[in-house]
Amino acid sequence: MKWAVVAAISVAIAYTVVFSASGFADAVGSLASAQLGWAAIGVACEGASFLLLGLLVHRLVGSEAGVSRRATVGVGLVLTGLGNVLPAAPAEGLALASAELRRRGVHTRRVRLALAFSEWYTTRAAFALVALNAVVVATIVQLRVGGSLARPWLFGLPAAGMLGFLAFTAWLAGRRQTAEWVAVAAGRLRFWKPAPPIEKLRAAGAAWWSDAQGVLGSRRNRIAVVLVAATSTACDALCFGFAMWAVGIHPRPGEFLLVYGAAMVASLVPLVPDGLGTVESVVPLLLHRGGTPFAAGLAAVLVYRASATVLPAAAGALSLVRLRLSTGTGSQARNRSDHSRAALINMTTSAARWSGVS
């Protein structure tokens with residue numbers, strides 16, 4: 007598996023370099039004439055997206071965990087900013103974010119559930135946004151153009167199926183029986199160990215389900231989590247659109263949805279840092295098929311990379327340093343408090359003994 011992943015990454019990067027080498031100089035030239043105002047608006051949209059991701063982590067960790075909102079925003083930057091550019095993305099980002107939350111006294115199981123739900127909701131929000139927009143565009147095209155249903159709904163029917171799949175899996179995830187069945191199946195798959203009794207596995211699944219309900223919280227908090235994840239994804243899509251506007255590309259709504267959806271799927275390739283090589287190949291090719299010069303499409307990807315990958319990664323690295331330093335300061339303060347409390351207890355015990363003797 008390791009060699010297969012390395013080979014796939016190498017092929018993608020080599021293909022990108024070979025195919026885009028002739029147009030790379032033209033793409034850099036297009037950046038020189040890019041409209042910085044649209045690019046700045048895109049950076050602001052991406053900043054809002056990452057702030058919302060930090061708020062998402064804060065709502066899932068819970069205010070009762072004692073972690074400040076500033077710290078959870080930093081953890082969100084580490085998770086989705088720095089973590090996306092590391093070699094084993096997103097595993098390394100999850101590990102770093104988990105370590106920072108555990109240093110702040112959050113229980114390990116709650117950390118795992120909170121970060122898992124963070125990935126769950128952000129990924130599903132991205133697919134739901136693209137699918138919903140595709141259905142809307144297909145409906146508008148059908149109402150305005152008319153004619154056969156085949157052509158517009160070749161684009162809309164798969165999107166409607168995706169929305170149905172997301173709704174069905176959300177219903178399954180909310181049932182305790184699903185967690186019990188997953189626990190039993192996972193226990194059976196570990197063939198190298200003696201299988202525990204089914205009742206024990208079901209009890210473990212029910213315990214995980216109960217803890218998950220505690221992480222999600224009230225119905226109001228769950229709705230807020232969904233809205234925050236969806237708004238964060240919408241801000242990222244706006245950043246992508248403003249990056250295209252900055253280099254002079256003004257796509258139609260359907261073309262924009264298709265290209266952004268393809269970029270989103272390409273960036274989700276496992277163990278490839280933020281879809282490096284795949285996004286740079288897919289987006290210019292799709293835009294080129296729509297009549298956009300390849301160099302302009304590549305320039306749009308470079309602007310988007312600067313706004314959505316490079317700057318968040320730098321902010322995530324700075325946040326990681328700040329989180330480590332603040333953890334060390336907090337640990338020293340807790341140690342001094344513990345020593346003071348121990349000294350006070352010793353003084354009280356000694357006084358009680360002396361009073362008993364007298």
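Counting from 1, position 209 in the sequence shown corresponds to residue 215 in the working numbering; the numbering is continuous, with no gaps.
Ideal placement from N, C-alpha and C gives every residue a C-beta, glycine not left out.
Given the structure is predicted, the values throughout are model-derived calculations rather than measurements.
One question on the structure: do Val-84 and Leu-57 come within less than 8 Å of each other, judged by their Cβ atoms? no
Alpha-carbon spacing of Arg-118 relative to Gln-41, whole angstroms: 42 Å
Just curious, the alpha helix (DSSP H) that Ser-104 is in, first and last residue? In the DSSP annotation of this structure, the continuous segment of the alpha helix (DSSP H) that includes Ser-104 starts and ends at 97 to 109.
For Arg-194, which residues in the same chain have their Cβ closer than 7 Å to its Cβ, ignoring the five residues on either side in sequence? Ala-201, listed in sequence order.
When we look at the beta-carbon of Arg-226 and count the other beta-carbons within 10 Å, is it buried (16 or more) or exposed? exposed
Below 8 Å, can you find three or more Cβ-Cβ pairs linking the region 83 to 100 to the region 64 to 74? no
Check the C-beta distance from Pro-272 over to Val-288 and give it rounded, since I have them as a contact under 8 Å. It should be noted that the sequence gives Ala, not Pro, for residue 272. Indeed they touch by this definition, with Cβ atoms about 5 Å apart.
In whole angstroms, what separates the C-alpha of Val-142 from that of Ala-210? If you take the alpha carbons of Val-142 and Ala-210, they lie about 42 Å apart.
Proximity of Asp-280 and Thr-315 at Cβ, strictly below 8 Å: In this structure, Thr-315 lies closer than 8 Å to Asp-280 by Cβ.
Using the three-state DSSP reduction, which class does Ser-343 fall into: helix, strand or coil? Note that Ser-343 scores 43 on pLDDT, short of 50, meaning its location in the model is unreliable; the coordinates nonetheless yield the value given after this. Three-state DSSP puts Ser-343 in a helix.
Looking only at its chain, what residues have a beta carbon closer than 7 Å to the beta carbon of Leu-207, apart from the 5 residues adjacent to it on each side? Ala-189, Val-190 and Gly-193
Beta carbon of Ala-94, beta carbon of Leu-329: below 8 Å? no
So, helix, strand or coil for Thr-86, using DSSP? helix
Endpoints, the alpha helix (DSSP H) within which Leu-66 is located: From DSSP, the alpha helix (DSSP H) with Leu-66 extends over 42 to 67.
By alpha-carbon positions, which one of Ala-103, Leu-59, Ser-39 and Leu-62 ends up nearest to Leu-326? Ala-103
Give me the Cα-Cα distance between Pro-257 and Ser-224, rounded to the nearest whole angstrom. 41 Å
Could you tell me the boundaries of the alpha helix (DSSP H) in which Ile-229 lies? Looking at the DSSP string, the run of the alpha helix (DSSP H) that includes Ile-229 is 225 to 252.
Three-way DSSP call (helix, strand, coil) for Leu-135 in this model: Note: Leu-135 maps to helix in three-state DSSP.
Find out if the Cβ-Cβ distance for the pair Val-147, Arg-110 is shorter than 8 Å. no
Using DSSP with H/G/I as helix, E/B as strand and the rest coil, what is Val-181? The residue you asked about is not Val; residue 181 is Arg in the sequence shown. If DSSP states are grouped into helix, strand and coil, Arg-181 belongs with coil.
Given this structure, state the Cα-to-Cα distance separating Trp-44 from Leu-107, to the nearest angstrom. 36 Å
Residue from Val-49, Ala-323 and Ala-212 whose Cα sits closest to the Cα of Gln-183: Ala-212
Using a Cβ-Cβ cut-off of 6 Å (strictly less than) and excluding sequence neighbours within five positions of Ala-243, which residues of its own chain qualify? Tyr-266
Counting along the chain, where does the alpha helix (DSSP H) carrying Pro-259 start and finish? Counting along the chain, the alpha helix (DSSP H) containing Pro-259 begins and ends at 259 to 273.
To the nearest angstrom, how far is it from the Cα of Ser-337 to the Cα of Glu-186? For Ser-337, the pLDDT reaches just 43, beneath the cut-off of 50, and the residue's location in the model is therefore unreliable, although a value from the coordinates is still provided. If I take the Cα positions, the gap works out to 39 Å.
Assumed close pair Leu-172, Phe-133 - CB separation to whole angstroms, cut-off 8 Å: 7 Å
Straight-line gap, Leu-121 to Glu-261 (C-alpha atoms, nearest Å): 33 Å
Which residues in the same chain have their Cβ closer than 6 Å to the Cβ of Leu-61, if we skip the five residues on either side of it in sequence? Val-234
Is the beta carbon of Ala-230 sitting closer than 8 Å to the one on Tyr-310? no
Applying the criterion that 16 or more other CB atoms from any shown protein chain within 10 Å of the CB defines a buried residue, is Leu-149 buried or exposed? exposed
Grab me the residues of Asn-139's own chain with a C-beta within less than 6 Å of its C-beta, minus the 5 sequence neighbours each way, in chain order. Within its own chain, the residues whose Cβ lies closer than 6 Å to the Cβ of Asn-139, once the five positions on either side in sequence are excluded, are Leu-263, listed in chain order.
Hey, Ala-268 and Leu-304 are a contact pair by Cβ (cut 8 Å); roughly how many whole angstroms apart? Not a contact, Cβ separation roughly 15 Å.
From the DSSP output, in three-state form, read off Val-278 for me. coil
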